[in-house]
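Here's the structure, in structure tokens; my notes come after.
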Amino acid sequence: MRSTIGAGVGVLALVGALLAGCSSQPDRAVASGDASDAVVASDFDLSRSSIDPKPDLQVDGTQLSIGSAGDGRFVDVDQDAVLLGVSMFNLKTGKALGQAADLPAVSVSFLRGLNSPVYGAIADALKGQRVGDVFTLVVPNVDGADPSSTDGSGAGDVVVIGTVRDSFQARAHGAEQAPVNGFPQVVRDTTGRPGLVLGDEYSSAGAPESAVLVKGDSNETAQAGDTVQLQMTMFDTSAKTRSAKVLQSTWDDGQLTQLKLDDSDDAFLGLMERTLTSVPIGSQVIVHVPTSYQSQVGDLLVIDVLARTPAAE
-6 MRSTIGAGVG VLALVGALLA GCSSQPDRAV ASGDASDAVV ASDFDLSRSS IDPKPDLQVD
54 GTQLSIGSAG DGRFVDVDQD AVLLGVSMFN LKTGKALGQA ADLPAVSVSF LRGLNSPVYG
114 AIADALKGQR VGDVFTLVVP NVDGADPSST DGSGAGDVVV IGTVRDSFQA RAHGAEQAPV
174 NGFPQVVRDT TGRPGLVLGD EYSSAGAPES AVLVKGDSNE TAQAGDTVQL QMTMFDTSAK
234 TRSAKVLQST WDDGQLTQLK LDDSDDAFLG LMERTLTSVP IGSQVIVHVP TSYQSQVGDL
294 LVIDVLARTP AAE
């Protein structure tokens, strides 16, 4: 049965518009082969427009070769979010299939859920990889991967050249903190996704603008100018029911929110900068939203602060 390259790729293109690791290498889920070894690249380059064509190679299954080994943490495919650079080519013609891109942070399960054989293969190939790896993956017989097809449906073998730019736990990790008056009780499911329990006595009167729910166990703290990767859930408590209404959540599908922390006179962005630069990476915070923004994002946010990219990088 043939599969389709296009399924899910458009979803990833939209993600960019949205606002601690293993000590030993896990067994790889995908092995190397003649095809991946023949086209393996030692570097990842967003400007690469073609590879050497291999018209005579026959590919029966997915193959993975590591062209350059990183020295960062190993990817935990069950619990991590990743930042990847990805480019795709037709094996036989060497021609690029679309634009190379640095993908926004997503959970590995998000890649699997895209209903795309290529991104599903990338998710499988991440097992055993570590931050800094440059990998070459060959995925056979993918619909839409033949650039010579007049109707775009021709099948071809896809070469993915990619790199693992970062990998980090997709939930808060650290020490639970004591409750703070003026905030509701926060509960979490087994994945770490938060929910709110509103008691009859709940009132936000006199509450501080934010409170720490989990103090992260990292020795890093985001600075002004950094870009941070966040899990974020927007709650509306106005219904006064036992549990607050969830307006939107990155936990729904594993697409994280990316935010640049700049000094700002804007009430909401200034609040984000103050809050997210005051806690270690790995923390979870709860935030009262300024009244002028509540129609857009609700009145309470629960945010997991998961990773930072310094401004200079």
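Under the numbering used here, the first residue of the sequence shown carries the number -6, and numbering increases by one thereafter. Cβ coordinates follow ideal geometry from the N, Cα and C atoms, glycine included. Since we're looking at a predicted model, the values are computed, not measured.
From residue i to residue j, what does the alpha carbon distance come to, in whole angstroms?
i	j	result
GLN72	MET265	25 Å
PRO133	VAL151	6 Å
SER78	TYR112	First, the residue type needs correcting, since residue 78 is Gly and not Ser in the sequence shown. Roughly 12 Å separates the two Cα atoms.
VAL127	ASP219	25 Å
GLY65	SER17	11 Å
GLN224	VAL278	11 Å
VAL173	ALA237	18 Å
ILE296	PRO110	32 Å
ARG41	ALA93	8 Å
PRO19	SER276	27 Å
SER80	ALA34	11 Å
VAL180	ALA24	41 Å
GLN162	GLY91	30 Å
GLN251	PRO97	8 Å
VAL190	GLN56	48 Å
SER288	THR156	39 Å
ARG301	ASP117	25 Å
LYS120	VAL101	10 Å
ASN83	ASN108	20 Å
ALA22	PRO201	48 Å
PRO273	GLN51	50 Å
VAL88	LEU39	As written in the sequence, residue 88 is Lys, which differs from the Val given in the question. Roughly 14 Å separates the two Cα atoms.
Along the chain, where does the alpha helix (DSSP H) containing residue i start, and where does it finish?
i	result
LEU90	Counting along the chain, LEU90 falls outside any alpha helix (DSSP H), and DSSP gives it neither H nor E.
ILE115	110 to 118
ARG267	260 to 269
VAL152	Looking at the DSSP string, VAL152 is not in any alpha helix (DSSP H); the run it does join, the beta strand (DSSP E), is 148 to 162.
PHE128	Unbroken run through PHE128 is the beta strand (DSSP E), 127 to 136; no alpha helix (DSSP H).
SER102	101 to 105
What are the boundary residues of the beta strand (DSSP E) that residue i is part of?
i	result
PHE67	PHE67 -> no beta strand (DSSP E), and no H or E assigned at all.
SER203	203 to 209
GLY188	187 to 190
PHE335	Lying before the first or after the last residue shown, residue 335 is absent from the chain, which here runs from -6 to 306.
ASP297	293 to 302
SER80	73 to 83
GLY199	Per DSSP, GLY199 belongs to no beta strand (DSSP E) and is neither H nor E.
ALA168	167 to 169
GLN251	250 to 253
ARG181	178 to 181
Based on the DSSP secondary-structure assignment, which residues constitute the bridge partners of residue i?
i	result
VAL33	Paired residue(s): none; VAL33 is not in a bridge.
HIS281	LEU293
VAL239	PHE228
ILE59	PHE128
ASP46	Before going further, note that residue 46 is Pro rather than Asp in the sequence given. According to DSSP, PRO46 bridges with nothing at all.
GLN21	A small correction: the amino acid at residue 21 is Arg; Gln does not occupy that position in the sequence shown. In the DSSP output, where bridge partners are listed per residue, ARG21 has none listed.
GLY273	The amino acid at residue 273 is misidentified as Gly; the sequence shows Pro. DSSP, once it has assigned bridges, lists THR214 as partnering PRO273.
ARG123	PHE67
Got a sec: is the Cβ-Cβ distance from residue i to anything in chain B below 7 Å?
i	result
ASP36	Protein chains in the displayed structure number just one, and chain B is not present.
Determine contact between the stretch 60 to 69 and the stretch 211 to 218, defined as no fewer than three beta-carbon pairs at a distance below 8 Å. Touching, no.
With three or more C-beta pairs closer than 8 Å as the rule, is the stretch 160 to 168 touching the stretch 281 to 292? At 8 Å Cβ cutoff, the stretches do not touch.
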